[in-house]
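Undergrad: Quick one: this structure, given as structure tokens, is what I'll be asking you about.
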Amino acid sequence: MKIERIVLRQIRMPLVHFFETSFSRTYARDIIIIEVVSEGLSGWGEITAGENPFYNEEWTAAAWLIAKDYVAPRILGKELATASDVDPLTRHIRGHNMARGGVEAAVWDLQARRNGNPLWKEIGGGARTEIPCGVSIGIQDTVEQLLEKIGIELAAGYQRIKMKIKPGWDLDVIRQVRERFPQIRLMADANSAYTLNDTARLKQLDEFYLMMIEQPLAHDDIIDHAVLQAQLQTPVCLDECIRSEHHAAQAIRLKACGIMNIKLGRVGGFAEAKRVHDTCAAAGIPVWCGGMLEAGIGRAHNIALATLPNFTLPGDVSASSRYWKRDIIVPPVEITPNGTIAIRNEPGFGYDVDHDFMDSVTVRTESLSPQA
Ligand code: OSB
Ligand code: MG
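Here's what the structure looks like:
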């Protein structure tokens, strides 16, 4: 497979509701969509970087430059035996996994279409025909608003609730959620808002029998998480600090977590996501698929990823309508009354790109060809 052209496209879409984490509040997303073209077929990917370098070091404007100046030139015009070749060809770019991963995922989608396979099959998934879904609910202006949102998502069928926490929006709020919803599968995501100095406070979480506490400590830390996990009953789940299979193996060796969140972009694409998955599976660490407020293409890639066997816990992949008035794919991603997303059998990522709508929200494009 020879990639003849790569088209970068930036879209801008307002979120239906703002999304607030311990690091920022987002009202609208600027997302880079990747199209890779070969022999009349297109494969599609999405770069999952945020608008600001606050979740990790990547952001839309920088990801555009990395994709254009470093990732694309390393694969354009090369004869690729398989989509697995993209990862080693771009690996010596330090960091910028989301920019690398968006292009890598597009090549997997292209390969799936060439072979007439659904993407989940192409990556070796297919362990389930429906993926279990949870929702991630941001920090709200009031606890009453949070309780109301949780009620709505539970009524829709979602299997677990993740609430964002930070100092000042933690124990008291979780206590009120637990009083109103004593039985639900509940977890909290701190996005690196605490340090080991907060250990006594974090230990108080144990009384709420949470499924897990996600990335309580620094974004680039594994060691302190191991120190914390030894003192908590609540399982620690790692997100930000796991950027590779190597990190996953180190976290497991140090007993830094009981659960891992895998994000396709954060680890640089499907090849590395599968290696993280396999390492966790071998160690008996369950994983789930995280989200980055993706538009439909990234969302569909996450659904394919979550069909690998060790994705046994409900992930953060939920219906398009929770984020967008209209998505860039048709049909939009929907959930069943059981809180699952049914996988699709069409070749590639399984949905159609809504080209007219995507064009209407596009703010810039650039078409790249092999250098002479
Ligand atoms: O930490 O999982 C996270 C969104 C943006 C950045 C980081 C995170 C999140 C989410 C939302 O929790 C997941 C989603 O609904 O896409
Ligand atoms: Mg997280």
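Numbering (the numbering used here), first residue to last: 3 to 374.
In this text, a Cβ means the ideal position worked out from N, Cα and C, and glycines have one as well.
Since this is a predicted model, take the numbers as computed values, not measurements.
Smallest Cα separation from R366: which of L67, F21 and G42?
TA: Comparing Cα positions, the closest option is L67.
Undergrad: Taking N304 as the reference, which of I345, L207 and L204 has the closest Cα?
TA: Answer by Cα proximity: I345.
Undergrad: Closer than 7 Å by C-beta to F56: which residues in its own chain qualify, once you throw out the five before and the five after it? Chain order, please.
TA: Within the same chain, F56 has close Cβ partners F25 and S26.
Undergrad: From the DSSP output, read off the bridge partner residues of G350.
TA: DSSP output for G350 lists P120 as bridge partner(s).
Undergrad: With which residues is I33 paired in a DSSP beta bridge?
TA: Paired residues: I13.
Undergrad: Using a threshold of 6 Å, is the CB atom of G293 nearer than that to any non-hydrogen atom of the ligand OSB?
TA: G293 Cβ: within cutoff of the ligand OSB.
Undergrad: At the level of alpha carbons, what is the spacing between I36 and G127?
TA: Using only the alpha carbons, I get a separation of about 23 Å.
Undergrad: Could you check whether A285 and I254 sit closer than 7 Å to each other, using their CB atoms as the reference points?
TA: Yes, they are a contact pair.
Undergrad: Is S387 near the ligand OSB, going by C-beta to nearest heavy atom under 6 Å?
TA: One cannot answer for residue 387 here, as it falls past the ends of the chain, which runs 3 to 374.
Undergrad: Per DSSP, what kind of secondary structure is S138 in: helix, strand or coil?
TA: S138: strand per DSSP, three-state reduction.
Undergrad: Compare the beta carbon distance of A51 and A65 with 7 Å and say whether it is the shorter of the two.
TA: Yes, they are a contact pair.
Undergrad: Enumerate in chain order the residues of its own chain whose CB-to-CB distance from L82 is below 6 Å, with the five nearest sequence positions on each side excluded.
TA: Within the same chain, L82 has close Cβ partners M3.
Undergrad: Between G350 and G45, which are expected to be in contact by the criterion C-beta below 8 Å, what is the C-beta distance as a whole number of angstroms?
TA: At roughly 7 Å, the Cβ-Cβ gap stays under 8 Å, so G350 and G45 are in contact.
Undergrad: Identify whether L266 lies in helix, strand or coil by the three-state DSSP scheme.
TA: DSSP places L266 in coil when its eight states are reduced to three.
Undergrad: Just to confirm my understanding: we take K257, look at its own chain, exclude 5 residues before and 5 after, and list those with CB closer than 8 Å. What are they?
TA: Once the five neighbours on either side are set aside, the close Cβ partners of K257 are A228, Q231 and A232.
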